[in-house]
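First up is the structure itself, then whatever we jot down about it.
Residue numbers (the numbering used here): -18 to 217.
See the structure below:
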């Protein structure tokens, strides 16, 4: 099984959301037309989808089941800080995207990959856990709280990666946001992912390193392909 990877560089959130939706809708439409991939009518039967990599300008996003009160400043204050706000259709509560953060949006057909949604989310978490381990960071999971955490068993764990996914007919969109060199002050304007008793961190904050974004992207794609048992190659 294989997927293509598109490195979008830095892109406005709404433009990237529209691109995701276009890819998602096209793949769902093909599944509506027939569940069995047929060469010539449903594209390459080994094609599982597309993985988008991007950094966004400062933006806060609130998931469909999120609570608006977890945004601690008003719209005018956000605009004054140069940030945008969107209420979107993924799972999860509120989070921040911005410079220094690697956002990964896999638009994948889980049936072609042979996994279910819960297994897929665990695979995203595992890919990030292995990625940050490359920088000497021991990370893990917290039961009932998606994402990747530092010191998950201690009194105040720190989230290094948020995860929020939408799926229809086993096609996914949205994904995960890994803090690489993100300015963590942006998270002080929200209760990240709805939590008030947990912190936020980044690779830079944990290690003092400033890993190049391109290096982290390459590591994420390599490990994600391994975890999903899918060859992820740069789109031509």
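Don't be surprised by glycine CBs; every beta carbon is placed ideally from N, CA and C. For clarity, every value in this text was computed on a predicted model and none was experimentally measured.
Does the beta-carbon of residue i have 16 or more other beta-carbons within 10 angstroms, so that it is buried, or is it exposed?
i	result
residue 114	exposed
residue 22	Low confidence applies here, because residue 22 scores a pLDDT of 40, under 50, leaving its location unreliable and the question unanswered by this model.
residue 64	buried
residue 17	Confidence at residue 17 is low in this model, with a pLDDT of 49, below 50, so its placement is unreliable and no value can be given for it.
residue 160	buried
residue 134	exposed
residue 62	exposed
Select from the options the residue whose C-alpha is nearest the C-alpha of residue i.
i	options	result
residue 30	99, -8, 121, 2	2
residue 187	146, 204, 150, 140	140
residue 42	7, 81, 143	143
residue 90	210, 8, 109	8
residue 85	61, 197, 13, 100	197
residue -10	53, 51, 207, 82	82
residue 27	67, -18, 11	-18
residue 108	123, 37, 206, 46	206
residue 77	53, 97, 99, 100	53
residue 132	150, 110, 149, 151	110
residue 39	167, 195, 10, 47	167
residue 37	-8, 123, 6, 67	-8
residue 6	112, 149, 156	149
residue 35	200, 12, -6, 99	-6
residue 112	68, 46, 194	194
Do you know offhand how far residue i's Cα is from residue j's?
i	j	result
residue 203	residue 127	22 Å
residue -1	residue 154	11 Å
residue 171	residue 189	24 Å
residue 49	residue 59	14 Å
residue 137	residue 120	14 Å
residue -12	residue 92	25 Å
residue 88	residue 179	30 Å
residue 118	residue 129	11 Å
residue 212	residue 95	14 Å
residue 25	residue 169	45 Å
residue 181	residue 116	17 Å
residue 105	residue 51	25 Å
residue 20	residue 184	The predicted model places residue 20 with a pLDDT of 39, which falls under 50 and marks its position as unreliable; any figure quoted below should be read in that light. If you take the alpha carbons of residue 20 and residue 184, they lie about 43 Å apart.
residue 97	residue 151	8 Å
residue 123	residue 210	25 Å
residue 145	residue 103	12 Å
residue 55	residue 156	26 Å
Since I believe residue j is in contact with residue i (beta carbons under 8 Å), could you give me their beta-carbon distance rounded to a whole number of angstroms?
i	j	result
residue 147	residue 74	That belief does not hold up - the Cβ atoms of residue 147 and residue 74 are roughly 14 Å apart, past 8 Å.
residue -14	residue 216	6 Å
residue 32	residue -16	6 Å
residue 44	residue 79	Not a contact, Cβ separation roughly 17 Å.
residue 191	residue 163	So it is not a contact: roughly 12 Å between Cβ atoms.
_beta strand (DSSP E) segments (min. 3 residues) lying fully within the stretch 58 to 97_ = 65 to 68, 75 to 78, 82 to 89
*Which runs of the beta strand (DSSP E) spanning at least 3 residues fall entirely within the stretch 101 to 128, listed in chain order?*
120 to 123
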